[in-house]
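First the structure, in the form of structure tokens, and then the observations on it.
Number of protein chains: 2
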Amino acid sequence: MADLRLARTPAPPYFVVVFTSVRSAGDNGYAAMAERMLELAAVQPGFLGVESARGDDRLGITVSYWSSLESIHTWKANAEHRVAQGKGKDQWYADYRLRICRVEREYGPQG
Amino acid sequence: MADLRLARTPAPPYFVVVFTSVRSAGDNGYAAMAERMLELAAVQPGFLGVESARGDDRLGITVSYWSSLESIHTWKANAEHRVAQGKGKDQWYADYRLRICRVEREYGPQG
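Chains as they are written, first to last, in our numbering: chain A, 1 to 111; chain B, 1001 to 1111.
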């Protein structure tokens, strides 16, 4: 059965930002900022959806879907987002990698 | 500080399979098969790394990195993997999406 937490994206091609990270100890304002960034991302031009998971081992993956590389660049340059990026680098993440990818094909339970 | 659980991939381009899923209730052999699939994937030609996270809400994301589309197709067709795919569809996942993507750029804390 369809789970509405999984993003409903259009036919490829479109783009995905794969952000894998390890949270450092403590919250330090992280949870509130993460929620705010999801809200803010969702109203950006070209935003198609987002999925996020983090396990008890503090390793997390967030994938956000975008209609174009330009929409990803515009979101990256967003002033409030840039503040969050700085805090992420300095305080919230022990390590991370961010990958910008072009989605070529998509499959689900119905093929 | 570098966290060894994050995949160390080569310079782009390479490919990523983004698998987002919602686990159905119960284990039903899932944990053992998931572990086996990680072992088996790791010895496939073209395998570059894998990262995986699942939260308490049962939503999980696994990203596996590959050197070519051909290596992804070969892994998809692996006999033992096909058995796991069938059980995933029938028993383990309430819903899922699988996306095959080309990695264009990668960034980390050092840029």
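Where is the CB? At the ideal position from N, CA and C, for every residue including glycine.
Quick caveat: nothing in here was measured; it's all calculated off a predicted structure.
Output, in sequence order along the chain, the residues in the stretch 73 to 98 of chain A whose CB is closer than 8 Å to any CB in chain B. Lys89, Tyr93, Ala94, Asp95, Tyr96, Arg97, Leu98
Less than 7 Å between the C-beta atoms of Val16 (chain A) and Tyr65 (chain A), yes or no? yes
Output yes if chain A places a C-beta closer than 7 Å to the C-beta of Gly1108 (chain B); else output no. yes
State the Cα-Cα distance for the pair Pro12 (chain A) and Leu1004 (chain B), rounded to the nearest angstrom. Cα to Cα, the separation comes out at about 32 Å.
Okay, do the stretch 82 to 92 of chain A and the stretch 1041 to 1061 of chain B touch, 3+ Cβ pairs below 8 Å being the bar? With the cut-off at 8 Å, the stretch 82 to 92 of chain A and the stretch 1041 to 1061 of chain B do not touch.
If we ignore side chains and look at the alpha-carbon of each, how far apart do Arg58 (chain A) and Asp90 (chain A) end up? 17 Å
If you pair each beta-carbon of the stretch 98 to 108 of chain A with each one of the stretch 1093 to 1110 of chain B, do three or more pairs fall below 8 Å? Cβ pair count under 8 Å is three or more, so yes.
For Ala32 (chain A), which residues in chain B fall below 9 Å Cβ to Cβ? Simply none; closest approach about 18 Å.
Residue(s) in a DSSP beta bridge with Asp1095 (chain B): For Asp1095 (chain B), DSSP records a beta bridge to B:Val1022.
With DSSP run on the structure shown, which of helix, strand or coil describes Leu1040 (chain B)? helix
Run the CB neighbour count on Arg1036 (chain B), radius 10 Å, all protein chains shown included, and call it buried at 16 or more, exposed below. exposed
Evaluate Val1043 (chain B) with the Cβ neighbour count: other Cβ atoms within 10 Å of its Cβ, from every protein chain shown; 16 or more gives buried, anything less gives exposed. exposed
Alpha carbon to alpha carbon, what distance is there between Val63 (chain A) and Glu39 (chain A)? 15 Å
Beta-carbon proximity of Ile61 (chain A) to Ala1041 (chain B), cut-off 7 Å: no
If you measure from the beta carbon of Arg58 (chain A) to each beta carbon in chain B, is any gap under 7 Å? no
Could you tell me how far apart the beta carbons of Pro1109 (chain B) and Thr1074 (chain B) are, in whole angstroms, since I believe they sit closer than 8 Å? About 34 Å separates the two Cβ atoms, so there is no contact after all.
Could you work out which residues of chain A lie near Gly1055 (chain B), taking near to mean beta carbons separated by less than 7 Å? Ala53, Arg54, Gly55
Starting from Gly49 (chain A), follow its DSSP beta bridges and name the residues at the other end. Answer is A:Tyr65.
When DSSP labels each residue in this structure, what does Gly60 (chain A) get in the three-state scheme? strand
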